[in-house]
Amino acid sequence: MSDTVLDVEALDVRYGPVRAVRGISFDVARGGITALLGANGAGKSSTLMAIAGVVPVASGRVSLFGQPTTKSAPDAIVRSGVGICPEGRRVFASLSVEENLIVAGTALAPAPVAAARRDEMMQRFPILGERRRQLAGLLSGGEQQMLAVARALMGAPKLLLMDEPSLGLAPQMVDTIFSIIEELQREGISILLVEQNAALALEVASHAVVMANGEIAGQGTPADLAGDTLLKSAYLAA
Ligand code: ATP
1 MSDTVLDVEA
11 LDVRYGPVRA
21 VRGISFDVAR
31 GGITALLGAN
41 GAGKSSTLMA
51 IAGVVPVASG
61 RVSLFGQPTT
71 KSAPDAIVRS
81 GVGICPEGRR
91 VFASLSVEEN
101 LIVAGTALAP
111 APVAAARRDE
121 MMQRFPILGE
131 RRRQLAGLLS
141 GGEQQMLAVA
151 RALMGAPKLL
161 LMDEPSLGLA
171 PQMVDTIFSI
181 IEELQREGIS
191 ILLVEQNAAL
201 ALEVASHAVV
211 MANGEIAGQG
221 TPADLAGDTL
231 LKSAYLAA
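Each residue of the sequence shown is one higher than the one before, starting from 1 at the first, in the UniProt record's numbering.
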């Protein structure tokens, strides 16, 4: 079994004339948390969305679990073992908590398995259990983030792609979300974490990749990064 779950090589993402990601290469180790850091507009979300198959790869290669997925559609990528927590949570506001999980589960697992996973999620996140019949749009930002994580877990992913999970949350809720991220990692899920809050991301990450202007400005362990003032200015500019 390879110790790499995600391998990105010379990835380019373009939006018409805008070259948002410029030939970046990095990988994500099995069982670790890799933080993807950088200022606004550095290209972090575009990288994540290209890995997820949501935006096309203009050039370069993406492999997940040793298989090439450069041209794969998002549903195939999710079925291969990837969970996605998109920026802004994107829960279905007009569906209940439970219905959000039903929608996710229907596509990802046979009905009895999906039902069992829904029950697991209600136990893992008791607040979602308490609010199972409430509309997701009425949940707090932190509760919506938990629902977004629960939805991603419905497919029993081996790799989670998380885009700005702490954005807009109260400090206490940020701590809760980060405890959940660490718990998932302890359970063996590999995580690629895009975060504005670099200090917090570096507390939990085993490896960090810093982007600037669509390129990789540097990468290493959190300790490596702490000692590099030039890199620090790239990710602290966020
Ligand atoms: P943020 O933290 O603000 O989300 P980011 O590091 O995730 O920043 P991206 O969102 O990937 O950066 O954006 C990278 C570049 O691509 C930016 O210049 C942005 O304006 C541009 N961009 C992103 N999405 C689109 C789009 N749909 N069409 C055109 N340009 C885009």
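For each residue, glycine too, the CB sits at the ideal point set by N, CA and C.
Measuring CA to CA, which of G66, V57, V149 is closest to V97? V97 has its Cα closest to that of V149, out of G66, V57, V149.
Is D75 helix, strand or coil by DSSP? Here D75 sits in helix by DSSP.
Are there any heavy atoms of the ligand ATP lying less than 7 Å away from the beta-carbon of N40, as far as the coordinates show? True, at least one ligand heavy atom lies under 7 Å from that Cβ.
Could you check which residue in R151, Q67, V82 has the C-alpha nearest to that of S54? The displayed chain sequence assigns Val, not Ser, to residue 54. Comparing Cα-Cα distances from V54 to each of R151, Q67, V82, the minimum goes to V82.
By DSSP's criteria, L36 is part of a beta bridge. Which residues make up the other side? Partner(s): V194, V209.
Would you grab the beta carbon distance between E183 and V204 for me? Rounded to a whole angstrom, and I think it's under 8 Å. Not really, about 11 Å apart at Cβ, beyond 8 Å.
For D175 and L147, what's the separation of their Cα atoms in angstroms? One C-alpha to the other measures close to 16 Å.
Does the distance from the CB of G66 to the CB of S25 come in under 8 Å? No, these two residues do not count as a Cβ contact at 8 Å.
Validate contact between the stretch 3–14 and the stretch 47–64 using beta carbons, cut 8 Å, 3 pairs: Taking 8 Å as the limit for Cβ pairs, the verdict is that the stretch 47–64 does touch the stretch 3–14.
Quick one, are the C-beta atoms of A170 and L160 less than 8 Å apart? No, these two residues do not count as a Cβ contact at 8 Å.
If you reduce the DSSP assignment to three classes, tell me which class E99 lands in. Note: E99 maps to helix in three-state DSSP.
Rounded C-alpha distance that separates G32 from L135: If you take the alpha carbons of G32 and L135, they lie about 34 Å apart.
How would you call M110, buried or exposed, if buried means at least 16 neighbouring beta carbons within 10 angstroms? The residue asked about is misnamed: residue 110 is Pro in this sequence, not Met. P110 comes out exposed.
Taking C-beta to C-beta, are L192 and T34 nearer than 8 Å? The beta carbons of L192 and T34 sit closer together than 8 Å.
May I ask which residues mark the beginning and end of the alpha helix (DSSP H) holding I127? Residues 126–130.
Note the first and the last residue of the continuous alpha helix (DSSP H) segment covering R151. R151 -> alpha helix (DSSP H) spans 141–153.
DSSP on Q123, reduced to helix/strand/coil? Of the three classes helix, strand and coil, the one that applies to Q123 here is helix, per DSSP.
Through-space distance from S206 to G218, alpha-carbon basis: Each residue's alpha carbon lies about 15 Å from the other.
What are the residues that DSSP puts in a beta bridge with G83? DSSP lists L160 as partners of G83.
Helix, strand or coil for L11? Go by DSSP, reduced to three states. Here L11 carries a strand assignment [DSSP, helix/strand/coil].
Have a look at the DSSP bridge pairing and note the partners of S63. Beta bridge pairing from DSSP links S63 with D7, P68.
Using the three-state DSSP reduction, which class does G88 fall into: helix, strand or coil? G88 falls in the coil class under three-state DSSP.
Please confirm whether any heavy atom of the ligand ATP lies closer than 7 Å to the CB of Y15. Yes, the Cβ of Y15 comes within 7 Å of a heavy atom of the ligand ATP.
Which stretch, first to last residue, makes up the beta strand (DSSP E) that contains E215? Counted as a single uninterrupted DSSP element, the beta strand (DSSP E) harbouring E215 occupies residues 215–220.
Short of 6 Å in beta carbon distance, which residues of its chain neighbour A20, apart from the five on each side in sequence? Order them along the chain. Its chain contains V13, G43, S46, G214 as the residues whose beta carbon lies nearer than 6 Å to that of A20, once the 5 sequence neighbours on both sides are disregarded; these appear in chain order.
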